[in-house]
Amino acid sequence: METGTVHFETWVPTGGFKLERRKGKTPEGTVITTDWLVPAWASDDLAATYPCDEQPCLHRVLADYRHDRIVYLAGLYGLLTATGKTLPPEPVDTWHREIRALRNATALWDAIAAEDAAALRRILPQYQAAKGKDLLGLAREHLARRVTEKLAGGRLELIAMPDQEQSQFVIRHRPLKLIDAIWRRFAEEIAGLITCARCPVPGCGRWFP
Ligand SMILES: [Zn+2]
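Last residue of the sequence shown: number 215 in my numbering, and the count goes up by one each step with no gaps.
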């Protein structure tokens, strides 16, 4: 079964986004005064992008992203919580929260992969008493639970493959929002379906699959 991230599509205004400070209702229903990502130009054309195809390690990119460059990233890959071609204003706080969550989960995953017990005790102080293999097991369960909570969005679809593979149907789980696709990508890395490495050239640090 495909996890559907590579084919996941978002829509981006050709002129990109800008920040607009005002009061408004968040997707979670609370009213706050904050910066909102809105299309830079009203009634701009929209272009389709395939974020996980263009940047397979987007979860890694976002995990160490600088907050002052969110507008730029949204312009490349789209809003985190929009569905389809509708682009309701998105509070920049949503980005801050998801970046923080990705950063924490990434630190945990990297410590697990490196079997770094000292780092694990620092990241998971509640497991401080655990020793050796137990600690690693607890950390793995903790990470699995935390990422699973983020995988709730999306739906299972049966797809009739186009032309060249006429007789084929595939089952694919389609993410509904970019943030769903990003967490799914992270789950794919943890499960060993994809690998992400960082360019070792000093000053580069670019992520590649
Ligand atoms: Zn490089």
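Cβ coordinates follow ideal geometry from the N, Cα and C atoms, glycine included.
No experiment lies behind these values; they were computed from the predicted model shown.
For ligand 1, I want to know if residue i counts as a neighbour, meaning its beta carbon is within less than 6 Å of at least one of the ligand's heavy atoms.
i, result
"Cys274", "Past the boundaries of the shown model lies residue 274; the chain is included only from 7 to 215, so the question cannot be answered."
"Val207", "yes"
"Arg152", "no"
"Arg204", "no"
"Cys210", "yes"
Are the beta-carbon atoms belonging to residue i and residue j less than 7 Å from one another?
i, j, result
"Ile59", "Val12", "Going by the sequence as given, residue 59 is Asp instead of Ile. Contact flag set, yes."
"Arg109", "Ala69", "yes"
"Trp189", "Arg66", "no"
"Leu164", "His179", "no"
"Glu96", "Leu43", "yes"
"Ala187", "Phe14", "yes"
Which residue comes first and which comes last in the alpha helix (DSSP H) that contains residue i?
i, result
"Phe14", "Run containing Phe14: none; DSSP gives neither H nor E here."
"Asp99", "98-119"
"Ile200", "Neither: Ile200 is in no alpha helix (DSSP H) and is coded neither H nor E."
"Gly81", "76-83"
"Val67", "64-69"
"Glu34", "Premise fails: Glu34 is in no alpha helix (DSSP H) and is neither H nor E."
"Arg127", "123-129"
Note the first and the last residue of the continuous beta strand (DSSP E) segment covering residue i.
i, result
"Asp41", "37-45"
"Glu163", "161-166"
"Leu52", "52-55"
"Arg72", "First-last for Arg72: undefined, no H or E at that position."
"Val176", "175-180"
Does the distance between the C-beta of residue i and the nearest non-hydrogen atom of ligand 2 fall short of 6 Å?
i, result
"Trp101", "Among the ligands present in this structure, namely ligand 1, ligand 2 is not found."
| task | Report yes or no: do three or more beta-carbon pairs, one from the region 182-202 and one from the region 23-36, lie closer than 8 Å? | result | Contact between the region 182-202 and the region 23-36 is absent, because fewer than three Cβ pairs lie under 8 Å.
| task | For the region 79-89 and the region 201-215, state whether three or more C-beta atom pairs, one from each stretch, are separated by less than 8 Å. | result | no
| Three-pair Cβ contact test at 8 Å for the region 140-151 versus the region 114-129 | yes
| Does the region 192-206 come within contact of the region 43-56, defined as at least 3 CB pairs closer than 8 Å? | These segments do not touch.
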